[in-house]
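Trainee: What follows is a single structure, and I will ask about it in a moment.
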Amino acid sequence: DTHHSRSLLSEGDSTELFSKDKRAMRRPYNRWLKRYFIDLYEGYKNILRNVNTRLAKPRRALKSEPLHIVSGHYNENEEMVTTPSPVISLGRGRKLLDTFGGSLKFVNNLYSKTFRSMNRKVPAHMPHLIDVEEMKALQRNFPREFERTSSNRFRSTNDMQFSFSYMYWIVHQGDRPDLGLIDYFAQELDTDGNGYLDPNELRTLASVMSDGNNVQEQFEEILLCLHVNSADMDAIDHARMDLPSFLNCSKATEGVLQNSRRKRTHEIIAEEVASEFVSFEMIDDNFTTTMQKLDSIRKKKSKFICINDDMKKAPLRTRQAVHHFYNALFPKPSQFELEPGYRNVFLYYDEYVEYINVLHRQNFYIRLGLGILFLGVVFLFIYN
């Protein structure tokens, strides 16, 4: 019988039979575990792929669409009529907008009261070089006006308009009265501010006193005032002139008063001349006028270009015109440009950094959770 046949099996045969039965029982479990780990691995890869995609490209906001050449006009059926692009000479007049124009009038009235009345024009829309020390002096002279400008959240009519106020501040520096002898000594001669003139600064004083050809003679006159022998090089090297000595040297003071009058060093470039270097156009939703203005810039090829974007809901053909205009001027993209079809959704850099940090934290916790899950499954597999 069965019981008797089982008893005839040896101990080794019994162990081998039990092992085969156990392996047969575990085969379905192993296949399930293998499928589980494969699914887990694929899911993990998909999660990481999504996270990395979000890190590289935060938002796909613009749909990439082919842009067609715009070199003509559209007819009533919205079909393009390809004709040569006309080049139209545009007027140079500019219509100042409310707050911007108000700020120009504000500064103009302020300067007319402070300095003098004159016909002032708007500086060109181009990069301007700013002397930091002159800007500090301007802000020291009009502290309340600049404080009010800084406190305005948006552009206001009582702003110290930046380029206009700075440029005419420089112009009006030629209107200042001549410096007195004491101020001239401190501001123009004693350049290192130590309270006296050394031989190098004395040479500057001699240059101011001279007519351009007798600098050495004037330098010897200064040495006479200081009772220094012009043949004694060691004494010359140690010569010093303080303020009282300067005021008591009649040759020096007379030469300074005669030759140190302020000269105008800045002039206003005529608009006709400036227009050769600067192009300024205001474009809007209208396709025809926008094309005319862009073609005008293409023709002039100015060194500086300023395009004021007044477009609200521009049709596709107008946006295409602007796109092709920039491609004509700058065919190679900058290293800082995003790929076509993408745009930056962050207004501040700190927001972008916080967004990246959140994604990194999510990535870390996903990896940590998957690692813990993997260890748990391995633990159950080993001890079960």
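Note that the working numbering gives residue 425 to position 96 of the sequence shown, counting from 1, and the numbers run on in steps of one. We treat Cβ as the ideally placed atom computed from N, Cα and C, and that holds for glycine.
1) As an exercise, report each continuous alpha helix (DSSP H) stretch of at least 4 residues that is fully enclosed by the segment 440-495, in chain order.
2) Measuring only the C-alpha atoms, how far is L439 from F491?
3) How close, in whole Å, do the beta carbons of C635 and M496 come, if the pair is a contact with beta carbons under 8 Å?
4) Please classify D488: is it buried, with 16 or more other beta-carbons within 10 angstroms of its beta-carbon, or exposed?
5) If I'm right that R569 touches L518 with Cβ under 8 Å, what's the distance once you round it to whole angstroms?
6) Suppose you measure from the CA of L534 to the CA of S631; what does that come to, to the nearest Å?
7) Within this structure, are the beta carbons of V451 and L433 separated by less than 8 Å?
8) What residue from N588, Y684, P669 has the CA that sits closest to L676's CA?
9) Using the Cα positions of F710 and P669, report the straight-line distance between them to the nearest angstrom.
10) Reducing DSSP to helix, strand and coil, say where E601 ends up.
11) What is the rounded straight-line gap between the Cα of Y694 and the Cα of F665?
12) Going along the chain, which residues of its own chain have a beta-carbon closer than 8 Å to the beta-carbon of A603, five neighbours each way excluded?
13) Helix, strand or coil: how does DSSP classify N437 here?
14) Check whether the segment 602-619 and the segment 561-579 touch, using three or more Cβ-Cβ pairs below 8 Å as the test.
15) Looking at the structure shown, is M611 part of a helix, part of a strand, or coil, going by DSSP?
16) Would M447 be called buried (16 or more neighbouring beta carbons within 10 Å of its own) or exposed?
17) Please name the residue or residues paired with N637 in a DSSP beta bridge.
18) I need the DSSP call for L555, collapsed to helix, strand or coil.
19) Tell me, which residues are paired with Y525 by DSSP?
20) Classify F675 as helix, strand or coil using the three-state DSSP reduction.
21) When the distance is taken between beta carbons, is R646 closer than 8 Å to F616?
22) Taking only the alpha-carbon atoms, compute the straight-line gap between K629 and C578 and give it to the nearest angstrom.
23) For the alpha helix (DSSP H) containing Q621, name the first residue and the last one.
24) Measure the C-alpha to C-alpha separation of L425 and N637 and round it to an integer number of angstroms.
25) With L531 and I511 assumed to form a contact (beta carbons below 8 Å), what rounded beta-carbon distance in angstroms separates them?
26) Taking DSSP as the reference, what is the three-state secondary structure of E668?
27) Could you check what DSSP says for D512 in three-state terms: helix, strand or coil?
28) Of all the options F659, S485, H653, which has the alpha carbon lying nearest to the alpha carbon of D427?
29) Mapping DSSP to helix, strand and coil, what is K580?
30) According to DSSP, simplified to helix, strand and coil, what is A657?
31) Tell me, to the nearest whole angstrom, how far the beta carbon of V585 is from that of M538; I am working on the premise that it is less than 8 Å.
32) Can you give me the C-alpha to C-alpha distance between L566 and A515, rounded to a whole angstrom?
33) Can you tell which of N656, H652, Y513, A581 has its C-alpha closest to the C-alpha of L553?
34) Please list the terminal residues of the continuous alpha helix (DSSP H) segment that includes A564.
35) For D614 versus K642, is the C-beta distance shorter than 8 Å?
Mentor: In short:
1) Under the rule that a run must span 4 or more residues, the alpha helix (DSSP H) segments found entirely inside the segment 440-495 read 461-470, 472-480.
2) Counting from 1 along the sequence shown, the entry for residue 439 is found at position 110. Counting from 1 along the sequence shown, the entry for residue 491 is found at position 162. Those two C-alpha atoms are separated by around 14 Å.
3) Working through the sequence shown from its first residue, we reach residue 635 at position 306. Working through the sequence shown from its first residue, we reach residue 496 at position 167. Not quite, the Cβ-Cβ distance comes to about 16 Å (not below 8 Å), so this is no contact.
4) Taking the first residue of the sequence shown as 1, we reach residue 488 at position 159. Flag for D488 reads buried.
5) Sequence index remark: in the sequence shown, residue 569 carries index 240 (1-based). Sequence index remark: in the sequence shown, residue 518 carries index 189 (1-based). Not a contact, Cβ separation roughly 13 Å.
6) Position 205 of the sequence shown, counting from 1, holds the residue named residue 534. Position 302 of the sequence shown, counting from 1, holds the residue named residue 631. The alpha-carbon atoms of L534 and S631 are separated by roughly 44 Å.
7) Indexing the sequence shown from 1 puts residue 451 at position 122. Indexing the sequence shown from 1 puts residue 433 at position 104. Less than 8 Å separates the beta-carbon of V451 from that of L433.
8) The residue labelled residue 676 in the question sits at position 347 within the sequence shown. Checked all of N588, Y684, P669; the closest Cα to L676 is Y684.
9) As a first step, residue 710 must be located in the sequence shown, where it is residue number 381. As a first step, residue 669 must be located in the sequence shown, where it is residue number 340. Cα atoms of F710 and P669: separation of roughly 50 Å, rounded to the nearest angstrom.
10) On the sequence shown, residue 601 is found 272 positions in, with the first residue counted as 1. Assigned with DSSP and collapsed to three states, E601 falls in helix.
11) To locate residue 694, count along the sequence shown from 1; it is residue 365. To locate residue 665, count along the sequence shown from 1; it is residue 336. Spanning the alpha carbons of Y694 and F665 requires a straight line of approximately 31 Å.
12) Numbered from its first residue, the sequence shown carries residue 603 at position 274. Counting only Cβ-Cβ distances below 8 Å, and skipping sequence neighbours, we find A453.
13) Here residue 437 corresponds to residue number 108 of the sequence shown, with the count starting at 1. N437 falls in the helix class under three-state DSSP.
14) Using a C-beta cut-off of 8 Å, the segment 602-619 makes no contact with the segment 561-579, since fewer than three inter-stretch Cβ pairs fall below that distance.
15) Locating residue 611 in the sequence shown gives position 282, counting from the first residue. Strand at M611.
16) Working through the sequence shown from its first residue, we reach residue 447 at position 118. Taking every protein chain shown into account, the CB of M447 has fewer than 16 other CB atoms within 10 angstroms, so this residue is exposed.
17) The count along the sequence shown starts at 1 and reaches residue 637 at position 308. According to DSSP, which records beta bridges pairwise, N637 is partnered with M611.
18) The residue you call residue 555 lines up with position 226 of the sequence shown. It is coil, neither helix nor strand.
19) Along the sequence shown, one-based indexing puts residue 525 at 196. Partner(s): D571.
20) On the sequence shown, residue 675 is found 346 positions in, with the first residue counted as 1. F675 sits in coil when the DSSP states are folded into three classes, being neither helix nor strand.
21) Mapped onto the sequence shown, residue 616 falls at position 287. Mapped onto the sequence shown, residue 646 falls at position 317. The Cβ-Cβ distance between F616 and R646 falls below 8 Å.
22) In the sequence shown, counting from the first residue as 1, residue 629 sits at position 300. In the sequence shown, counting from the first residue as 1, residue 578 sits at position 249. Taking the Cα positions, K629 is about 59 Å away from C578.
23) The residue given as residue 621 occupies position 292 in the sequence shown. Its alpha helix (DSSP H) spans residues 616-629.
24) Here the question's residue 425 lines up with position 96 in the sequence shown. Here the question's residue 637 lines up with position 308 in the sequence shown. For L425, the pLDDT reaches just 44, beneath the cut-off of 50, and the residue's location in the model is therefore unreliable, although a value from the coordinates is still provided. Rounded to whole angstroms, L425 to N637 spans 12 Å at the Cα level.
25) In the sequence shown, residue 531 corresponds to position 202, counting from 1. In the sequence shown, residue 511 corresponds to position 182, counting from 1. Contact between L531 and I511 does not hold, since the beta-carbon distance rounds to 18 Å and is not under 8 Å.
26) Taking the first residue of the sequence shown as 1, we reach residue 668 at position 339. DSSP places E668 in the coil class of the three-state scheme, outside both helix and strand.
27) Mapped onto the sequence shown, residue 512 falls at position 183. The DSSP-derived three-state label of D512 is helix.
28) Numbered from 1 along the sequence shown, position 98 holds the residue referred to as residue 427. Nearest neighbour of D427 by Cα position, chosen from F659, S485, H653, turns out to be S485.
29) On the sequence shown, residue 580 is found 251 positions in, with the first residue counted as 1. Here K580 carries a helix assignment [DSSP, helix/strand/coil].
30) Reading the sequence shown from its first residue, position 328 is the one you call residue 657. For A657, the secondary structure class from DSSP, reduced to helix, strand or coil, is helix.
31) Reading the sequence shown from its first residue, position 256 is the one you call residue 585. Reading the sequence shown from its first residue, position 209 is the one you call residue 538. Going by Cβ atoms, the distance from V585 to M538 rounds to 7 Å, so yes, they are a contact pair.
32) Translated into positions along the sequence shown, residue 566 becomes position 237. Translated into positions along the sequence shown, residue 515 becomes position 186. According to the sequence as given, residue 566 is Asp; it is not Leu. Between D566 and A515, the C-alpha separation is close to 21 Å.
33) Residue 553 sits at position 224 when you count from the first residue of the sequence shown. Across the set N656, H652, Y513, A581, the C-alpha of A581 shows the shortest separation from the C-alpha of L553.
34) Sequence index remark: in the sequence shown, residue 564 carries index 235 (1-based). Unbroken alpha helix (DSSP H) run through A564: 562-566.
35) Translated into the one-based positions of the sequence shown, residue 614 becomes position 285. Translated into the one-based positions of the sequence shown, residue 642 becomes position 313. Yes, these two residues count as a Cβ contact at 8 Å.
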